[in-house]
Amino acid sequence: MKKRVLNAWPSTRASPQGEWVSRLVLETTALPGDIQVERFCEGQGLDHVLKVTLYDIGLTMAEDDILVADGLIKTVRIRAGENSRSVNVEVILEHPVEPRVLANPGLPSTVEIILPRDPLITLFTGHRIGIDPGHGGRDPGVRGPVNLLEKDVVLQVAQELSSLLKQSGAEPVTSRQGDVELDDDARRRVLSEGRAELCVQLHTSADKDPMVQRYRLFVKRDCDKSLALGTELKSALKERMGINIPGHEFIEDTRWSIPVVRIEPLCLSHFVDEANFRAPLFRKRIAQSIYNGIARYLRKFGTA
1 MKKRVLNAWP STRASPQGEW VSRLVLETTA LPGDIQVERF CEGQGLDHVL KVTLYDIGLT
61 MAEDDILVAD GLIKTVRIRA GENSRSVNVE VILEHPVEPR VLANPGLPST VEIILPRDPL
121 ITLFTGHRIG IDPGHGGRDP GVRGPVNLLE KDVVLQVAQE LSSLLKQSGA EPVTSRQGDV
181 ELDDDARRRV LSEGRAELCV QLHTSADKDP MVQRYRLFVK RDCDKSLALG TELKSALKER
241 MGINIPGHEF IEDTRWSIPV VRIEPLCLSH FVDEANFRAP LFRKRIAQSI YNGIARYLRK
301 FGTA
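Right, here's the structure in full:
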């Protein structure tokens with residue numbers, strides 16, 4: 001049987017040792033003759049590149065650029081090597097890490113590239129991140145064409161985001177944990193008592209025209225850090241979800257003492273957005289995008 005790379009897929013998980021890792025699995029008909037690993041920085045940017053070359057093996061799967069955007073891995077590039085007798089795998093990283101490569105014989109065999117997510121834990125540990133899912137209780141917010149409610153949508157995203165933050169060592173401070181109604185003062189009080197350093201308000205948008213998909217970002221007026229946070233969230237949502245948010249608007253409530261943004265990454269009045277959100281993977285990706293934006297903000301500013 002010829003040695004061939006058949007498939008590739010990324011994931012994040014806890015390793016058997018309890019370590020939180022990003023993982024790229026290459027499924028093969030047999031193990032390559034040799035594996036070479038190189039690390040280098042791509043240009044003057046912030047990205048780091050891990051190049052893994054598999055020798056004495058060909059490529060059956062199509063050459064591909066796999067968008068990962070899991071906070072550590074940005075993309076994976078898979079290409080056939082010279083004379084189709086090797087396979088080149090480039091992993092584009094947001095942080096430099098020490099990889100482990102495992103060759104596992106079997107049917108199929110696999111090559112695992114394991115990347116510890118320690119830089120994200122270092123980045124987030126000790127930070128208190130405010131999450132404010134809008135509406136709740138008697139206030140349902142926007143109602144979708146098939147009765148999906150904004151209050152439920154944003155709470156589910158908040159729960160996914162909270163889980164990611166906890167895994168990273170951060171302390172999420174969430175204004176509401178369940179289907180309860182809170183006024184603005186109560187929301188600020190919860191976040192203040194929890195000593196949140198910044199706040200991401202979660203909402204959905206809507207439009208009178210059900211065929212319009214409309215996404216919005218609000219930032220705190222005259223607050224550079226709020227604008228910076230909003231910019232990172234907007235960029236991360238476009239990268240991971242293809243959501244384009246044109247410009248930004250301003251939060252009317254001026255009583256916030258911390259950087260605060262309001263993000264509306266879902267247009268609940270549009271039937272496609274409502275249908276997409278019913279898929280668990282879709283809301284996980286929204287939460288991951290928001291997490292990525294917060295991570296990039298903290299990376300630039302160090303503190304909230």
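The opening position of the sequence shown corresponds to residue 1 in UniProt numbering, with each subsequent residue numbered one higher.
Glycine is no exception: its CB is placed at the ideal position from the N, C-alpha and C atoms.
Computed from a predicted model, the values in this text were never measured in an experiment.
Collapsing the DSSP output to three states places ARG39 in a strand. Residue nearest to ILE290 within the set LYS220, ALA69, LEU54, ALA279 is ALA69 (criterion: CA-CA distance). In the DSSP assignment, LEU227 falls within the alpha helix (DSSP H) that extends over 224 to 241. Three or more Cβ pairs closer than 8 Å define a contact, and the region 153 to 162 falls short of that threshold against the region 222 to 233.
Distances from the alpha-carbon of LEU54 to those of GLY81, THR60, TRP9 put GLY81 closest. When secondary structure is reduced to three states using DSSP, ALA158 falls in the helix class.
ALA279 counts as exposed, since fewer than 16 other C-beta atoms from the protein chains shown sit within 10 angstroms of its C-beta. Under DSSP, GLY136 takes part in a beta bridge, and its partners are ASP139. Annotation for ALA279: no beta strand (DSSP E) segment contains it, and DSSP assigns it neither H nor E.
Straight-line spacing of the CA atoms in ALA170 and GLU249 works out to 28 Å.
Here the alpha carbons of ASP34 and SER163 stand approximately 38 Å from one another. In this chain, LEU123 is not harboured by any beta strand (DSSP E); it is covered by the alpha helix (DSSP H) spanning 118 to 124. The beta carbon of GLN36 lies closer than 6 Å to those of THR53 in the same chain, with the five residues before and after it left out. Secondary structure of VAL91 (DSSP, three-state): strand.
One Cα belongs to ASN147, the other to LEU229, and the distance between them is close to 32 Å. Here LEU6 has GLU27, THR28, THR29, THR60, MET61, PRO108 as same chain residues with Cβ atoms under 8 Å from its own Cβ, once five neighbours each way along the sequence are excluded.
In terms of Cα proximity to ASP64, the closest of VAL76, GLY71, SER226 is VAL76.
Within the same chain, LEU120, ILE121, PHE124 come within 6 Å of SER168 by CB-CB distance, once the 5 residues on both sides are set aside. Membership of ASP64 in the beta strand (DSSP E) is indicated by the continuous run 64 to 67. Shown here, LEU72 sits in coil according to DSSP, grouped into three states, outside any helix or strand.
No residue range can be given for ARG195, since it is assigned to no beta strand (DSSP E) and is classified by DSSP as neither H nor E.
With fewer than 16 other Cβ atoms from the protein chains shown falling within 10 Å of its own Cβ, TRP9 counts as exposed. Taking the C-beta atoms as reference points, GLU232 is found no nearer than 7 Å to GLY302. Taking one beta carbon from each stretch, the region 172 to 182 and the region 202 to 210 have fewer than 3 pairs nearer than 8 Å; the two do not touch.
In terms of Cβ geometry, ARG262 and PHE218 form a close pair [threshold 7 Å]. Residue burial annotation: VAL154 is buried, with at least 16 other C-beta atoms found within 10 angstroms of its C-beta. The Cβ-Cβ distance between LEU237 and PRO259 does not fall below 7 Å.
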